[in-house]
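Asks:
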């Protein structure tokens with residue numbers, strides 16, 4: 001029993017570390033994307049940002065296959081899980097990145113990085129309202145403080161609808177990723193590498209196709 005408790009504690013700690021690393025790398029992607037948007041369309045950049053990791057994860061899975069490394073603990077993706085994966089890919093891999101990059105063209109990278117904290121608030125809100133998950137007092141207080149901080153960031157002395165365009169795009173992107181988080185949570189028992197690879201490849205291909213379509217049929 002003591003060994004099981006230590007193992008569970010270790011899993012929680014490693015999960016926290018991985019979550020912090022994911023947040024770090026995601027935060028770094030915002031200023032880099034801001035620079036690249038000067039030469040690349042938002043659709044194409046979103047496609048490349050997802051196609052690259054998808055190809056890398058595909059190589060990792062192939063490497064694992066040839067070494068015959070099996071992860072029997074994970075459950076396969078079947079039935080309704082494919083629908084949830086498709087929904088997560090659409091909202092998190094197609095809608096979310098495109099909205100973020102369109103918003104980034106109208107907002108400073110520093111403000112955008114901070115506004116993206118709304119994703120966690122919306123994730124909690126959807127989990128509570130739709131999936132009936134318990135939300136504690138500390139989480140509620142933290143969410144309220146996050147909302148307050150985002151309102152301060154969005155405030156401007158020269159109020160206009162145009163000044164809110166960028167933040168509204170980012171808010172919509174956060175909502176899309178919040179839906180993605182909750183749908184992915186429902187299939188988290190499956191192989192995380194396979195889930196990430198499929199989401200990245202499908203989202204990358206879709207965004208690149210949209211970028212090519214926009215080039216072929218300009219307004």
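Numbering (the working numbering), first residue to last: 1 to 219. Ideal Cβ placement from N, Cα and C applies to all residues, glycine included. The model shown is predicted, which means the values in this text are computed figures rather than measured ones.
What number of angstroms, rounded off, separates the C-alpha of residue 40 from the C-alpha of residue 28?
Replies: On the chain shown, residue 40 is found 40 positions in, with the first residue counted as 1. On the chain shown, residue 28 is found 28 positions in, with the first residue counted as 1. Distance between the alpha carbons of residue 40 and residue 28 is about 18 Å.
Asks: Going by beta carbon distance, what residues of the same chain come within less than 7 Å of residue 99, once the five residues before and after it are set aside?
Replies: In the chain shown, residue 99 corresponds to position 99, counting from 1. Result list for residue 99: 169, 172, 173, 176, in chain order.
Asks: Between the region 41-52 and the region 100-110, do at least 3 Cβ pairs fall closer than 8 Å?
Replies: yes
Asks: When DSSP labels each residue in this structure, what does residue 187 get in the three-state scheme?
Replies: Position 187 of the chain shown holds residue 187. In the structure shown, residue 187 sits in coil (DSSP, three-state: anything other than H, G, I, E or B).
Asks: Using three-state DSSP, classify residue 41 as helix, strand or coil.
Replies: Start at 1 with the first residue of the chain shown, and residue 41 comes out as number 41. Coil, per DSSP.
Asks: I believe residue 50 touches residue 182 by the beta-carbon criterion, under 8 Å. Please report the beta-carbon distance rounded to the nearest angstrom.
Replies: The residue labelled residue 50 in the question sits at position 50 within the chain shown. The residue labelled residue 182 in the question sits at position 182 within the chain shown. Actually they do not touch by this definition, with Cβ atoms about 20 Å apart.
Asks: So, at 7 Å on beta carbons, what are the nonlocal neighbours of residue 187 in its own chain, with the 5 sequence-adjacent residues on each side left out?
Replies: Within the chain shown, numbered from 1, the residue matching residue 187 stands at position 187. Taken in chain order, the residues that qualify are 77, 81, 84, 85, 195.
Asks: Excluding sequence positions up to five away, which residues of its chain have a Cβ less than 7 Å from the Cβ of residue 54?
Replies: As a working note, residue 54 is residue 54 in the chain shown. If we look at residue 54 and ignore the five residues flanking it on each side, its Cβ neighbours are 197, 200, 201, 204.
Asks: According to DSSP, is residue 207 helix, strand or coil?
Replies: Reading the chain shown from its first residue, position 207 is the one you call residue 207. Of the three classes helix, strand and coil, the one that applies to residue 207 here is helix, per DSSP.
Asks: Is residue 24 helix, strand or coil when you go by DSSP?
Replies: Indexing the chain shown from 1 puts residue 24 at position 24. Helix, per DSSP.
Asks: Among residues of its own chain, excluding the 5 on either side of residue 118, which ones have a beta-carbon nearer than 8 Å to its beta-carbon?
Replies: In the chain shown, counting from the first residue as 1, residue 118 sits at position 118. 146, 147, 150, 170, 171, 174, listed in sequence order.
Asks: So, helix, strand or coil for residue 93, using DSSP?
Replies: Translated into positions along the chain shown, residue 93 becomes position 93. In this structure, residue 93 counts as helix in the three-state DSSP scheme.
Asks: Skipping 5 residues on each side, what residues in its chain have a beta carbon closer than 6 Å to that of residue 5?
Replies: On the chain shown, position 5 is the one that residue 5 refers to. For residue 5, the predicted model reports a pLDDT of 36, less than 50, meaning its position is unreliable and no value from the coordinates is stated.
Asks: Give the DSSP-derived three-state secondary structure of residue 128 in the structure shown.
Replies: Residue 128 sits at position 128 when you count from the first residue of the chain shown. Helix at residue 128.
Asks: Nearest-angstrom Cα distance between residue 215 and residue 37?
Replies: Indexing the chain shown from 1 puts residue 215 at position 215. Indexing the chain shown from 1 puts residue 37 at position 37. Cα to Cα, residue 215 sits roughly 16 Å from residue 37.
Asks: Since residue 46 and residue 116 are thought to touch, with beta carbons under 8 Å apart, how far apart are those beta carbons, to the nearest angstrom?
Replies: Start at 1 with the first residue of the chain shown, and residue 46 comes out as number 46. Start at 1 with the first residue of the chain shown, and residue 116 comes out as number 116. Taking the Cβ atoms as the reference, residue 46 lies roughly 15 Å from residue 116, outside the contact range of under 8 Å.
Asks: Assign residue 60 to buried or exposed, taking buried as 16 or more other Cβ atoms, counted over all protein chains shown, within 10 Å of its Cβ.
Replies: In the chain shown, residue 60 corresponds to position 60, counting from 1. Exposed: under 16 other Cβ atoms inside 10 Å.
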